[in-house]
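Trainee: For the sequence shown, this note's numbering assigns the number 51 to the initial residue and increments by one for each residue that follows. Built from N, CA and C at the ideal position, the CB exists for glycine as well. For reference, the structure I am asking about is given below.
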Amino acid sequence: MALRHFTYFSRWLIILLALVTGCSEPVADLPAVQPHSSQRVWVAHDDWHAAVILRAADIPPGSLVEARDFPDAEYLEISWGDAEYFPAVTPGVSSALKAALWSSGSVIHIVGFGGNVAKAYPKARIIEIALADEDLRRLIGFIDSDIARDDPGKAAPASPGLFPGSRFYAAKSSFSGLRTCNTWIAEAFKTAGLPVRTAWVMTASSLARQLRPHGTQMQ
């Protein structure tokens, strides 16, 4: 879904970072941990962009109240990015440079959908990850705490998303070329208890290398 929109940006972002910061050391794989719960989440990704997918029914009461904006959704796809670039219809190189070096803020994008996760992302790679109940609550709590709300008990103001029925919400955390959507997802899983690194996780490929030992590659 959102993966298709973000690919162009991410390619330019990585090129710009290579020019500005030079090459970083590769992220090494970390030891795998055994799944210890029937709770499941998914990460859908291409080479550049990634999104977390949750079951709407798994969201604890009072957490991530924006889920109420998607009453018929079985799943929620959640991703994060630059506040100006991510929602743009036809972003260009200058917008990518601004996002990488002078970002004005960030947004969280939520898409509600139903049916089969794999069928919803026929061209994406999908990793299914098992989490204990408390680990899942921490992951959802990470996302929940990053949404900028006027009232903690009410859903944040929303703007139209990239697809019919999807929405953007203002986020609190800072986007940069060194802290991309993939870094954000790595931080979410580290908060959930997975032994993943967050530094230099700029592409979805580097994120996937860390998550794959802790889950199942669906496609």
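For the segment 160-170 against the segment 224-243, are there 3 or more C-beta pairs whose distance is under 8 Å?
Mentor: Result no; under three Cβ-Cβ pairs closer than 8 Å.
Trainee: Considering only residues of the same chain and omitting the five flanking positions on each side of L114, which have a CB-CB separation below 7 Å?
Mentor: Here residue 114 refers to the residue found at position 64 when the sequence shown is read from its first residue. Same-chain partners within the cutoff: I190, I193 and D194.
Trainee: Pop quiz: V93 and I177 are said to be a contact at Cβ under 8 Å. What is the actual Cβ separation, rounded to whole angstroms?
Mentor: Residue 93 sits at position 43 when you count from the first residue of the sequence shown. Residue 177 sits at position 127 when you count from the first residue of the sequence shown. Rounded, the Cβ-Cβ distance is 5 Å, consistent with contact.
Trainee: Can you tell me where the alpha helix (DSSP H) holding F239 begins and where it ends?
Mentor: Along the sequence shown, one-based indexing puts residue 239 at 189. Run containing F239: C231 to A242, per the alpha helix (DSSP H) assignment.
Trainee: List the residues that DSSP assigns as beta-bridge partners of I158.
Mentor: Residue mapping note: residue 158 aligns to position 108 of the sequence shown, counting from 1. W130 and Y219, per the DSSP bridge assignment.
Trainee: Among N232, K204, P172 and N166, whose alpha-carbon lies nearest the alpha-carbon of A117?
Mentor: As a working mapping, residue 117 is identified with position 67 in the sequence shown. If we check each option's Cα against that of A117, K204 comes out closest.
Trainee: Spatial neighbours of S209 within its chain, please: C-beta separation below 6 Å, excluding the five flanking residues on both sides.
Mentor: Against the sequence shown, residue 209 aligns to sequence position 159. Cβ neighbours of S209 beyond the five flanking positions: F218.
Trainee: Which residue or residues does DSSP assign as beta-bridge partners of W266?
Mentor: What you label residue 266 is simply residue 216 of the sequence shown in a count that begins at 1. The residue asked about is misnamed: residue 266 is Thr in this sequence, not Trp. T266 pairs with E178.
Trainee: For H95, write down the residues that DSSP places opposite it in a beta bridge.
Mentor: The residue labelled residue 95 in the question sits at position 45 within the sequence shown. Note: H95 sits in a beta bridge opposite A100 and R175.
Trainee: How long is the line joining the alpha carbons of G265 and S88, rounded to whole angstroms?
Mentor: Counting from 1 along the sequence shown, the entry for residue 265 is found at position 215. Counting from 1 along the sequence shown, the entry for residue 88 is found at position 38. Roughly 12 Å separates the two Cα atoms.
Trainee: Roughly how far, in whole angstroms, is the beta-carbon of A254 from the beta-carbon of W98, given that I think they are within contact range, below 8 Å?
Mentor: Stepping through the sequence shown from its first residue, residue 254 is reached at position 204. Stepping through the sequence shown from its first residue, residue 98 is reached at position 48. At roughly 6 Å, the Cβ-Cβ gap stays under 8 Å, so A254 and W98 are in contact.
Trainee: If I follow the unbroken beta strand (DSSP E) through A208, where does it start and stop?
Mentor: What you label residue 208 is simply residue 158 of the sequence shown in a count that begins at 1. Note, A208: beta strand (DSSP E), A208 to P210.
Trainee: Bridge partners for F163 per DSSP, in chain order?
Mentor: As a working mapping, residue 163 is identified with position 113 in the sequence shown. DSSP output for F163 lists Y125 as bridge partner(s).
Trainee: Buried or exposed: A249, going by 16 or more other Cβ atoms within 10 Å of its Cβ?
Mentor: Here residue 249 refers to the residue found at position 199 of the sequence shown. It counts as exposed.
Trainee: Can you tell me which of the three DSSP states R199 falls into?
Mentor: Along the sequence shown, one-based indexing puts residue 199 at 149. Note: R199 maps to coil in three-state DSSP.
Trainee: Looking at C-alpha atoms only, which residue of Y171, L126, M252 and S256 is the closest neighbour of A150?
Mentor: Indexing the sequence shown from 1 puts residue 150 at position 100. Selected option, being the one with the closest Cα: M252.
Trainee: Grouping DSSP H, G and I as helix and E and B as strand, with all else coil, what is R255?
Mentor: Reading the sequence shown from its first residue, position 205 is the one you call residue 255. Per the sequence presented here, residue 255 reads as Ser, with Arg not at that position. Helix, per DSSP.
Trainee: For K169 and A146, I'd like the C-alpha separation in whole angstroms.
Mentor: Along the sequence shown, read from residue 1 onward, the residue named residue 169 stands at position 119. Along the sequence shown, read from residue 1 onward, the residue named residue 146 stands at position 96. Approximately 30 Å, taken between the alpha carbons.
Trainee: Exposed or buried, A107, counting other C-beta atoms within 10 Å across all chains shown (16 or more means buried)?
Mentor: For the purposes of this step, residue 107 is taken as residue 57 along the sequence shown, with counting starting at 1. So A107 ends up on the exposed side.
Trainee: Look at A236 and Q260 and say whether their C-beta atoms are less than 8 Å apart.
Mentor: The residue labelled residue 236 in the question sits at position 186 within the sequence shown. The residue labelled residue 260 in the question sits at position 210 within the sequence shown. A contact, by the Cβ cut-off of 8 Å.
Trainee: How long is the line joining the alpha carbons of E184 and E124, rounded to whole angstroms?
Mentor: Position 134 of the sequence shown, counted from the first residue, corresponds to residue 184. Position 74 of the sequence shown, counted from the first residue, corresponds to residue 124. One C-alpha to the other measures close to 21 Å.
Trainee: Are the beta-carbon atoms belonging to A221 and S156 less than 8 Å from one another?
Mentor: Taking the sequence shown and counting its residues from 1, one reaches residue 221 at position 171. Taking the sequence shown and counting its residues from 1, one reaches residue 156 at position 106. For A221 and S156, yes; Cβs fall inside 8 Å.
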